[in-house]
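Student: Dropping a structure here in structure tokens format, bear with me for questions.
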Amino acid sequence: MGADIGGGGGGSGQGPLSPPGSVLVLGVGNILLADEGVGVRAVEAFRCRYVVPAAVEILDGGTAGMGLIDLIAGRKHLIIVDAVNAGGAPGSIVRLAGADIVPFLRQRLSPHQLGLLDVLAYLQLMETAPESVTIIGITPDDMSLSLDLSPPLQAALAGIADRIADELTGLGVPLVRAGAA
Amino acid sequence: MRITVDPITRIEGHLRVDCEVDGGKVVDSWSSGQMWRGIEVILQGRDPRDAWVFTQRICGVCTTVHAIVSVRAVENALGLEVPLNAQYIRNMIIAAHGVHDHIVHFYQLSALDWVDIVSALQADPKAAANLAQSLSNWPMNSVQEFTRVQEKLKGFVASGQLGVFGSGYWGHPAMKLPPEVNLLGVVHYLQALDYQRRANQIVGILGSKTPHIQNLAVGGVSNPINPESQSTLTLERLYKIKALIDQLGDFVNQVYAVDVAAVGALYAEWTKYGSGVLNYLSVPDMPLDTKGTQFALPGGYIKNGDLAGMKAITSYQDQYFEKGVKESSKHSWYQSTSGALHPYKGETKPEYTGFQDTGKYSWVKAPTFYDDRAQVGPLANVLAMYALGHEPTKRHLTRVIEIASKVAGAPIPLAALHSTIGRHAARAVRCAVLVETLDQQWNLLMQNIAKGDFDTYNRPRFPRGEIQGFGYHEAPRGVLSHWTVIRDGKIANYQAVVPSTWNAGPRDEKDALGPYEASLLGNPVADPQKPLEVLRTIHSFDPCLACAIHMHDPVNREIVRVKAV
Chain A
1413 MGADIGGGGG GSGQGPLSPP GSVLVLGVGN ILLADEGVGV RAVEAFRCRY VVPAAVEILD
1473 GGTAGMGLID LIAGRKHLII VDAVNAGGAP GSIVRLAGAD IVPFLRQRLS PHQLGLLDVL
1533 AYLQLMETAP ESVTIIGITP DDMSLSLDLS PPLQAALAGI ADRIADELTG LGVPLVRAGA
1593 A
Chain B
-13 MRITVDPITR IEGHLRVDCE VDGGKVVDSW SSGQMWRGIE VILQGRDPRD AWVFTQRICG
47 VCTTVHAIVS VRAVENALGL EVPLNAQYIR NMIIAAHGVH DHIVHFYQLS ALDWVDIVSA
107 LQADPKAAAN LAQSLSNWPM NSVQEFTRVQ EKLKGFVASG QLGVFGSGYW GHPAMKLPPE
167 VNLLGVVHYL QALDYQRRAN QIVGILGSKT PHIQNLAVGG VSNPINPESQ STLTLERLYK
227 IKALIDQLGD FVNQVYAVDV AAVGALYAEW TKYGSGVLNY LSVPDMPLDT KGTQFALPGG
287 YIKNGDLAGM KAITSYQDQY FEKGVKESSK HSWYQSTSGA LHPYKGETKP EYTGFQDTGK
347 YSWVKAPTFY DDRAQVGPLA NVLAMYALGH EPTKRHLTRV IEIASKVAGA PIPLAALHST
407 IGRHAARAVR CAVLVETLDQ QWNLLMQNIA KGDFDTYNRP RFPRGEIQGF GYHEAPRGVL
467 SHWTVIRDGK IANYQAVVPS TWNAGPRDEK DALGPYEASL LGNPVADPQK PLEVLRTIHS
527 FDPCLACAIH MHDPVNREIV RVKAV
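Read top to bottom, the protein sequences are chains A and B. Take 1413 as the starting number for the first sequence in the numbering used here and just add one per residue. Take -13 as the starting number for the second sequence in the numbering used here and just add one per residue.
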């Protein structure tokens, strides 16, 4: 494994993650619509809570579609953090990956809604898609016009940041909490 | 018979279109925005210098354009001039964004309405490459490239992973292209993915960050210019941009414009459908001076298709534009008691009442220009630029029409532009003009820097009391305007009149149909369960309802609901 990712032995079976930005943690959503923007707020919280190693890039993707192609192309792993309508109490976290994501992609990948999942399909056509894509989804509460998250989502941010950290650890990128010298 | 297509957009937003079909033709239609956009409300009471940061979050497709128009509106209210370097840098950003948007619209968002992917599998790659070479000198029209793409497509189909191609209307009776032309379309579809990235890279370099640019400021841009320093806009970065501009020029002129002309010629009957509203509104753009009185690209208002009688809009202070815009809520889900309102007086008080054919049926308001509906978008802009004698527009339009006439084997008149296909042709022409403008603005910036002018910013000063202003931009989907009232340095009112509001709006104060609705009258529909022809006409406008909610929904559901009753 790459020495610049904290010397983690990982043992995940993945290839080395030494090139900077091998993993993209992409927060998406509309921050003008309260919890719709939880993905963006969660990656901000992650950035404050952890020391982000060079192998990882954090990005606020907003609601962009095609504009993200260039930013995702060539990454080894992609972790998307987004509001997901998966039921459960507001703030609950669902993880979609691997086989879970395939039927999900098929469902939504259509010429009729050009979103993030279409972007992934275009990357496949261009043969520059990430090896793995994981979605960390958070159940929203309030989607009305506001720049602030609802109280349950605000309370869930630290936990979501920790889930992002777990995900990265699983990819062979161990993390250190900010301020924990 | 009534058909409902919901949602109809391939991109952000929720547009529903209802059609009454009789004898295989649309006889009445309703365009309905299915989502409330009240983003303006969030800006009230804020610092006007920050408004652009929020407005660029309105939509995921049009981040840049809402940012630019917002700073223009505040500058207009202040009477603030913008340094030349800042104008050139902004112009390059919006031109590059426009080029990106137009390429993506034709290939990724609408080509599959006309190009049958499955039929492309049957093509003879050699014949297809020969055909492509007869139309253009594009080096990537080789037999090897066509064979490689066809093999790749076969692989996708064999693995069942049609992905983005999964839900097209393959084999529909309205699909008329020969297999070789379909393959040509697929080859260029894939190449377009690569070239649209290059346009976005220009936005990223100048805007300091994508997807949300960071370099704007009320009064200019925050790009420090220093040809020597690594951390600023250096010559190295400027030459990287120049290389990208040249590559885009090759693709747009040798591929995009040619494909639109050829596909349009092979679907010539579609020049008879889709005209609708013949009042066309566009605005000048790419300011060449600090005040916004001279522009690289002209614009104006054409009433009832009369190019000779058109009226130009000439400056950022233009009263003819400022006074002409109103919005009606008579058929929209808002409280509406006082008739159509000017945007400075605009109200956004939602009142949902359900879908009523003769009453309220949309979240979109109905804008008017001097009380008439107007179509906006590249067609409106290209007609205006043509009528005002803009040389590059004339040159590119003449070329596209010549190629189309050659493929059709008959001369195609200028009037064919008032149609579904005409909107695609005009968009390709505008894209070619934008690449040229991008190059021109690059040269102007370099010349100005060479003179030793590194200015990029004039500091705004907000007076006590109330001021108001508007800003406009000829965005990829047409006229975008922001209107703001500022009281004691804080935003008191803010309204965005977006291009898709002009085109997708419902009936107005006088019950006149909006451009989408009017364009569908007489449109053919062979199979009400598969209303491909309706999508063709609506997609030709590049529909996008700028509201940008996009939540993943893991619950299985159909992508597009077509209901025929």
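From the three backbone atoms N, C-alpha and C, an ideal C-beta is built for every residue, glycine too.
Please list, in chain order, all residues of the same chain as L1561/A whose beta carbon is under 7 Å from its beta carbon, the five residues on each side excluded.
Tutor: Within the first sequence, numbered from 1, the residue matching residue 1561/A stands at position 149. Excluding residues within five positions, the ones whose Cβ falls inside 7 Å are A1446, D1447, V1450, R1453.
Student: Using a Cβ distance threshold of 8 Å, determine whether the stretch 246 to 254 of chain B contacts the stretch 211 to 222 of chain B, with at least three qualifying pairs required.
Tutor: no
Student: Please name the residue in E388/B, K335/B, D343/B, K297/B whose C-alpha comes closest to that of A370/B.
Tutor: As a working mapping, residue 370/B is identified with position 384 in the second sequence. Per the Cα distances, K297/B.
Student: So, for S1544/A: in the same chain, excluding its five sequence neighbours on each side, which residues have a beta-carbon less than 6 Å away from its beta-carbon?
Tutor: Taking the first sequence and counting its residues from 1, one reaches residue 1544/A at position 132. The residues are H1489.
Student: Can you check whether the CB of T384/B is closer than 8 Å to the CB of G260/B?
Tutor: Translated into positions along the second sequence, residue 260/B becomes position 274. Translated into positions along the second sequence, residue 384/B becomes position 398. Cβ distance not < 8 Å, so G260/B and T384/B don't count as in contact.
Student: Of the choices K346/B, G154/B, T354/B, whose alpha-carbon is the least far from that of H328/B?
Tutor: Your numbering for residue 328/B matches position 342 in the second sequence. Checking every option, the nearest Cα to that of H328/B belongs to T354/B.
Student: In this structure, what does DSSP give as the bridge partners for G19/B?
Tutor: Here residue 19/B is taken as the residue at index 33 of the second sequence, counted from 1. According to DSSP, which records beta bridges pairwise, G19/B is partnered with L1/B.
Student: Does the beta carbon of H52/B come closer than 8 Å to any beta carbon on chain A?
Tutor: The residue you call residue 52/B lines up with position 66 of the second sequence. Output row for H52/B: interface = no.
Student: For H459/B and chain A, any beta-carbon pair shorter than 8 Å?
Tutor: Here residue 459/B is taken as the residue at index 473 of the second sequence, counted from 1. Cβ-Cβ to chain A under 8 Å: no for H459/B.
Student: Kindly list, in the order they appear in chain B, the residues whose Cβ is closer than 8 Å to that of L1480/A.
Tutor: Taking the first residue of the first sequence as 1, we reach residue 1480/A at position 68. Neighbours of L1480/A on chain B, chain order: P197.
Student: From S526/B, V393/B, V520/B, pick the residue whose C-alpha is nearest to that of L403/B; which is it?
Tutor: Position 417 of the second sequence holds residue 403/B. Among S526/B, V393/B, V520/B, the Cα nearest to that of L403/B belongs to S526/B.
Student: Taking only runs that begin and end inside the stretch 43 to 105 of chain B, name each unbroken alpha helix (DSSP H) of 4 or more residues, in chain order.
Tutor: 49 to 64, 70 to 90
Student: Mind reading off the beta-carbon distance from V204/B to P34/B? Whole number of angstroms is fine, and I expect it under 8 Å.
Tutor: Position 218 of the second sequence, counted from the first residue, corresponds to residue 204/B. Position 48 of the second sequence, counted from the first residue, corresponds to residue 34/B. The Cβ separation is near 7 Å, so the contact holds.
Student: Got a sec: which bits of the stretch 366 to 396 of chain B sit with their beta carbon under 8 Å from any beta carbon on chain A, in order along the chain?
Tutor: Contact annotation: in the stretch 366 to 396 of chain B, no residue has its CB less than 8 Å from a CB in chain A.
Student: Sort D358/B, S315/B, A352/B by Cα distance to Y338/B and report the nearest one.
Tutor: Locating residue 338/B in the second sequence gives position 352, counting from the first residue. If we check each option's Cα against that of Y338/B, S315/B comes out closest.
Student: Taking the C-alpha atoms as reference points, what is the distance between G332/B and A326/B?
Tutor: Walking along the second sequence from the start, residue 332/B turns up at place 346. Walking along the second sequence from the start, residue 326/B turns up at place 340. If you take the alpha carbons of G332/B and A326/B, they lie about 9 Å apart.
Student: Mind checking if R134/B is an interface residue toward chain A, Cβ cutoff 8 Å exclusive?
Tutor: Against the second sequence, residue 134/B aligns to sequence position 148. Against chain A, the CB of R134/B has no partner CB under 8 Å away; the residue lies outside that interface.
Student: With DSSP as the reference, label S1558/A as helix, strand or coil.
Tutor: As a position in the first sequence, residue 1558/A is number 146, starting the count at 1. Strand at S1558/A.
Student: Distance, Cα to Cα, L169/B vs L1528/A?
Tutor: Looking up residue 169/B in the second sequence gives position 183. Looking up residue 1528/A in the first sequence gives position 116. Going from the Cα of L169/B to the Cα of L1528/A covers about 26 Å.
Student: Within 10 Å of its beta-carbon, does M1478/A have 16 or more other beta-carbons around it, so buried, or fewer, so exposed?
Tutor: The residue you call residue 1478/A lines up with position 66 of the first sequence. M1478/A is buried by the Cβ-count criterion.
Student: Under a Cβ-count criterion, where at least 16 other Cβ atoms within 10 Å of its own Cβ denotes burial, should Q94/B be classed as buried or exposed?
Tutor: Here residue 94/B refers to the residue found at position 108 when the second sequence is read from its first residue. Per the 10 Å Cβ criterion, buried.
Student: If you draw a straight line from the C-alpha of L98/B to the C-alpha of T523/B, how long is it?
Tutor: Position 112 of the second sequence, counted from the start, is the residue given in the question as residue 98/B. Position 537 of the second sequence, counted from the start, is the residue given in the question as residue 523/B. Their backbone Cα atoms lie some 13 Å apart in a straight line.
Student: Can you have a look at A1533/A and say buried or exposed, based on whether 16 or more other CB atoms are within 10 angstroms of its CB?
Tutor: On the first sequence, position 121 is the one that residue 1533/A refers to. Buried.
Student: Quick one: which unbroken alpha helix (DSSP H) runs of 4-plus residues sit fully inside the stretch 479 to 534 of chain B? Chain order, please.
Tutor: 485 to 490, 501 to 506, 518 to 525
Student: Compare the C-alpha of C5/B against each of E131/B, S505/B, H52/B, Y302/B and name the closest.
Tutor: Within the second sequence, numbered from 1, the residue matching residue 5/B stands at position 19. Of the listed residues, the one whose Cα sits closest to C5/B is S505/B.
Student: Of all the options V1435/A, V1463/A, V1455/A, which has the alpha carbon lying nearest to the alpha carbon of G1591/A?
Tutor: One-based indexing of the first sequence puts residue 1591/A at position 179. For G1591/A, the closest C-alpha among the options V1435/A, V1463/A, V1455/A is that of V1463/A.
Student: Between the stretch 1466 to 1481 of chain A and the stretch 1432 to 1445 of chain A, do at least 3 Cβ pairs fall closer than 8 Å?
Tutor: Yes, they touch.
Student: Counting only C-beta atoms, is I79/B closer than 8 Å to chain A at any point?
Tutor: Within the second sequence, residue 79/B is the residue found at index 93, counting from 1. Taking Cβ atoms only, chain A never reaches closer than 8 Å to I79/B, which makes this a no.
Student: Mapping DSSP to helix, strand and coil, what is R1589/A?
Tutor: Your numbering for residue 1589/A matches position 177 in the first sequence. In the structure shown, R1589/A sits in a strand (DSSP, three-state: E or B).
Student: Name the chain B residues whose beta carbon is nearer than 8 Å to that of L1483/A?
Tutor: Your numbering for residue 1483/A matches position 71 in the first sequence. Correct list: T196, P197.
Student: Taking DSSP as the reference, what is the three-state secondary structure of E337/B?
Tutor: In the second sequence, residue 337/B corresponds to position 351, counting from 1. It is coil, neither helix nor strand.
Student: Run the CB neighbour count on C1460/A, radius 10 Å, all protein chains shown included, and call it buried at 16 or more, exposed below.
Tutor: By 1-based counting over the first sequence, the position of residue 1460/A is 48. Exposed, by the Cβ-count rule.
Student: At which residues does the beta strand (DSSP E) containing Y287/B begin and terminate?
Tutor: In the second sequence, counting from the first residue as 1, residue 287/B sits at position 301. Per DSSP, Y287/B belongs to the beta strand (DSSP E) from 286 to 288.
Student: Could you check the C-alpha separation between H468/B and V368/B for me, to the nearest Å?
Tutor: Working through the second sequence from its first residue, we reach residue 468/B at position 482. Working through the second sequence from its first residue, we reach residue 368/B at position 382. Cα to Cα, the separation comes out at about 22 Å.
Student: Of all the options T49/B, H83/B, P165/B, K496/B, which has the alpha carbon lying nearest to the alpha carbon of I231/B?
Tutor: On the second sequence, position 245 is the one that residue 231/B refers to. When each option's Cα is compared against that of I231/B, the closest is H83/B.
Student: When you compare the CB of L1565/A with every CB in chain B, is at least one pair closer than 8 Å?
Tutor: As a working mapping, residue 1565/A is identified with position 153 in the first sequence. Answer no: the Cβ-Cβ gap between L1565/A and chain B never drops below 8 Å.
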